[in-house]
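To start, the structure itself, in structure tokens.
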């Protein structure tokens, strides 16, 4: 039994044996609307037989009882006949409604197919006009739009009569003369089941449309046309090769659209998924969005460039530094895209190496020309006596002399361990304080990312004096921006977070100072 929802036209072919005998209502799985899919013709209840009551002593009373019983039986029979008549009227009305709905569905499918055929014929004509004819004879032999006949006749606009049932219309179609049937294509096979599910009909119709579009898109060569029949609003494709090609093309498209997704903040985007690369190219050097969500959702995910596996090492580094310095707000939008602490820690190690190299280079330059620097400063400020002349240091330093200035290995190991543990310590404090003030339950790696990527401000050490000023101003701003976006904190919660962190840092510094004094 084909059950169709009257609201959304969702249909399924259900086995009649699996339907309960008393079931009349169904709920659509798509629109969740409840509707009646059949009316049961229950037999009228038989009138209860009333035993005759006889009274030998009072014959008149027995006659009265029999008369009353006969009257009650006649009234019950009249009510049962009226109920049967009402059910018959309802059944006829339902049959008429089904006939009208089926006609409307058939007309809609036929109209859609005719419209597609008109568009395909127009494309063929345009392609023929675009070609330059070799001779005037070829130009006159081109196919004109008036010579093209539609593959399927247009449906009749006359609505069917309400009192014609499905069986009568089926038998009338079967009784058509052989000449009319012979006018159709000989390759058309009879349909075994005219009540196939609407989902199969729609799939066949899509396959026919895809094959027809491939025929029209070719230049000079055309594949075999798709032949089909349309009965009771259903389209059946009879070209097996076209059907297999359409199915394989659909499977290829489904496989090509499967992409890896990441749980992150989603930013609405009105552009199509195929235009995202154009948008990235228009951004310039900044690498903002590199991956998309599920196909068709119309959204894109912000990912930190350093964590994007499709970029090279140089592109990762350059895009990350560019985003941190130029667009920190956009950069922090992808802080929750990939919950990983290894990549941020590697970025921090790289920054430490660059910072140490910059400090060593500028320190060597400063020590080399220290006397000249002091002389220049004293010339500008003659009364300045705070800077020592540093006459004991040589003008040129060697590797052995620098090694003598280095502290003990134990002290170097302690300093190195503290530097390596710094992002984890700051990340732990950040995560604890942010959750304490009511931040979102994001992964623990968010705190480590806020600490590690904020050290990107140490890139200013490449410049000696202006870089220090940029470092002291930009580092706290970058850190606060990352915490606020990563944990979704409001302005008030951010202020409370900063106060909490400052109190913890002050308490830690006081504890370290007290421990050092007691140790000494």
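In the UniProt record's numbering, the protein residues as written are 1 to 520.
Note that beta-carbon positions come from the ideal geometry of N, C-alpha and C, so glycine has one too.
Using beta-carbon positions only, say whether residue i and residue j come within less than 8 Å of one another.
i	j	result
residue 331	residue 434	no
residue 450	residue 501	no
residue 459	residue 321	yes
residue 37	residue 21	no
residue 455	residue 351	yes
residue 337	residue 304	yes
residue 461	residue 323	no
Can you grab the Cα-Cα spacing for the pair residue i / residue j, in whole Å?
i	j	result
residue 87	residue 5	22 Å
residue 481	residue 318	21 Å
residue 478	residue 359	22 Å
residue 311	residue 495	37 Å
residue 77	residue 15	37 Å
residue 409	residue 415	10 Å
residue 306	residue 448	14 Å
residue 1	residue 13	5 Å
residue 440	residue 427	15 Å
residue 313	residue 119	50 Å
residue 116	residue 79	56 Å
residue 512	residue 334	36 Å
residue 507	residue 375	43 Å
residue 421	residue 32	57 Å
residue 367	residue 417	28 Å
residue 28	residue 129	49 Å
residue 126	residue 113	20 Å
residue 514	residue 316	44 Å
residue 405	residue 474	32 Å
residue 568	residue 425	Residue numbering for the chain in the displayed model covers 1 to 520; residue 568 lies beyond these limits and cannot be assessed.
residue 245	residue 82	59 Å
residue 509	residue 413	21 Å
residue 52	residue 19	Annotation note: pLDDT 47 at residue 52 (below 50); position unreliable, no value reported.
Check the Cβ-Cβ distances between residue i and every residue of chain B, and say whether any is below 8 Å.
i	result
residue 501	The structure shown contains no chain B, having only a single protein chain.
Whole-angstrom Cβ separation of residue i and residue j, contact assumed at under 8 Å?
i	j	result
residue 452	residue 344	4 Å
residue 353	residue 445	Actually they are not in contact, since the Cβ atoms of residue 353 and residue 445 sit about 22 Å apart, beyond 8 Å.
residue 442	residue 486	6 Å
residue 504	residue 429	6 Å
Determine the closest residue to residue i out of the options, with distance taken between C-alpha atoms.
i	options	result
residue 10	34, 436, 473	34
residue 467	325, 515, 432	325
residue 328	476, 431, 366, 409	476
residue 457	2, 469, 448	469
residue 431	246, 245, 489, 27	489
residue 464	316, 507, 362, 514	362
residue 84	357, 315, 514, 40	40
residue 423	407, 349, 474	349
residue 339	19, 122, 308	308
residue 8	23, 30, 18	30
Does any heavy atom of the ligand ZN sit closer than 7 Å to the C-beta of residue i?
i	result
residue 247	This structure does not include the ligand ZN; it has no bound ligands of any sort.
Can you list the alpha helix (DSSP H) stretches of 4 or more residues lying completely in the region 488-520, in chain order?
491-519
Which runs of the beta strand (DSSP E) fall wholly inside the UniProt domain "Zinc finger/thioredoxin putative" (1-36) and span at least 3 residues, in chain order?
2-4, 11-13, 25-27, 34-36
In chain order, what are the residue ranges of uninterrupted alpha helix (DSSP H) at least 4 long that sit wholly in the region 424-472?
445-454
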